Amino acid sequence: MLDSIKPVIHKTMVNNEDPMDVKMDSADWKEELSLFEMLDLRTAANEDKYTESVDSNGNLKIQRFSALDSNREIQSLSITYRNNEIELIEAFLKKRTFVVDRDTRMSYQPGKGYGIQLDENYIWSKPHTKEIFVELEPNGFLKK
Numbered sequence: 011m012l013d014s015i016k017p018v019i020h021k022t023m024v025n026n027e028d029p030m031d032v033k034m035d036s037a038d039w040k041e042e043l044s045l046f047e048m049l050d051l052r053t054a055a056n057e058d059k060y061t062e063s064v065d066s067n068g069n070l071k072i073q074r075f076s077a078l079d080s081n082r083e084i085q086s087l088s089i090t091y092r093n094n095e096i097e098l099i100e101a102f103l104k105k106r107t108f109v110v111d112r113d114t115r116m117s118y119q120p121g122k123g124y125g126i127q128l129d130e131n132y133i134w135s136k137p138h139t140k141e142i143f144v145e146l147e148p149n150g151f152l153k154k
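Quick note: the sequence shown, position 72, residue 82 per this note's numbering, numbers continuous.
Structural data, given as structure tokens:
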């Protein structure tokens with residue numbers, strides 16, 4: 011779908027407060043959005059590992075999944091629907107190993123962009139934060 015509308019990608023990456031802006035007119039979308047593919051919790055393997063709650067009001071519905079075990083990598087996932095279309099996906103991931111403590115916050119708005127914030131603390135270095143914000147700008151007919 012994104013290839014068909016050919017959006018301009020405005021990508022801002024921040025590594026420990028050092029920003030870098032990039033504009034691209036094409037991207038490997040499978041690569042760009044691959045992190046979000048791992049958020050599918052609808053598998054049999056995850057059936058008893060998350061609680062699910064749904065809040066809805068009119069045309070707005072929010073589906074939330076929360077991990078029952080604090081050691082699960084995907085701690086929470088929230089999907090917001092408007093008129094039965096996905097409007098926003100938000101996730102919190104946590105990884106704890108002997109080598110690294112990593113917290114990841116991810117959000118994705120279909121057709122608009124995504125953001126990722128990664129807080130890492132390796133045993134051999136000081137904690138650092140990486141952030142990626144991607145805004146999809148429609149190309150062509152919406153621009154004058």
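The beta-carbon is built from N, C-alpha and C at its ideal position, and this holds for glycine as well. Just so we're clear, the structure is a prediction, and the values are computed from it rather than from any experiment.
Taking buried to mean at least 16 other C-beta atoms within 10 Å of its own C-beta, is residue i buried or exposed?
i, result
"Val109", "exposed"
"Tyr132", "exposed"
"Leu78", "exposed"
"Val32", "exposed"
To the nearest angstrom, how far is the alpha carbon of residue i from that of residue j?
i, j, result
"Ile96", "Arg52", "16 Å"
"Trp134", "Arg92", "45 Å"
"Glu156", "Glu145", "The displayed coordinates of the chain run from 11 to 154. Any statement about residue 156 would go beyond what the structure contains."
"Phe151", "Lys136", "Because Phe151 sits at a pLDDT of 36, beneath the cut-off of 50, its placement in the model cannot be relied upon, and the point is left open."
"Leu98", "Thr22", "20 Å"
Leaving out five residues on either side along the sequence, give the residues of the same chain with a beta carbon under 7 Å from the beta carbon of residue i.
i, result
"Asn25", "Lys140"
Could you name the residues of the same chain whose beta carbon sits closer than 8 Å to that of residue i, not counting the 5 residues immediately before and after it, in chain order?
i, result
"Leu45", "Met116, Ile126"
"Val64", "Lys71, Ile72, Gln73, Arg74"
Could you say which of the options lies nearest to residue i if we only look at CA atoms?
i, options, result
"Glu27", "Leu128, Val18, Gly121", "Leu128"
"Asn94", "Thr114, Gly68, Leu43", "Gly68"
"Thr107", "Tyr91, Glu100, Arg82, Gln119", "Arg82"
"Pro47", "Val18, Met34, Tyr118", "First, the residue type needs correcting, since residue 47 is Glu and not Pro in the sequence shown. Nearest C-alpha to Glu47: Tyr118."
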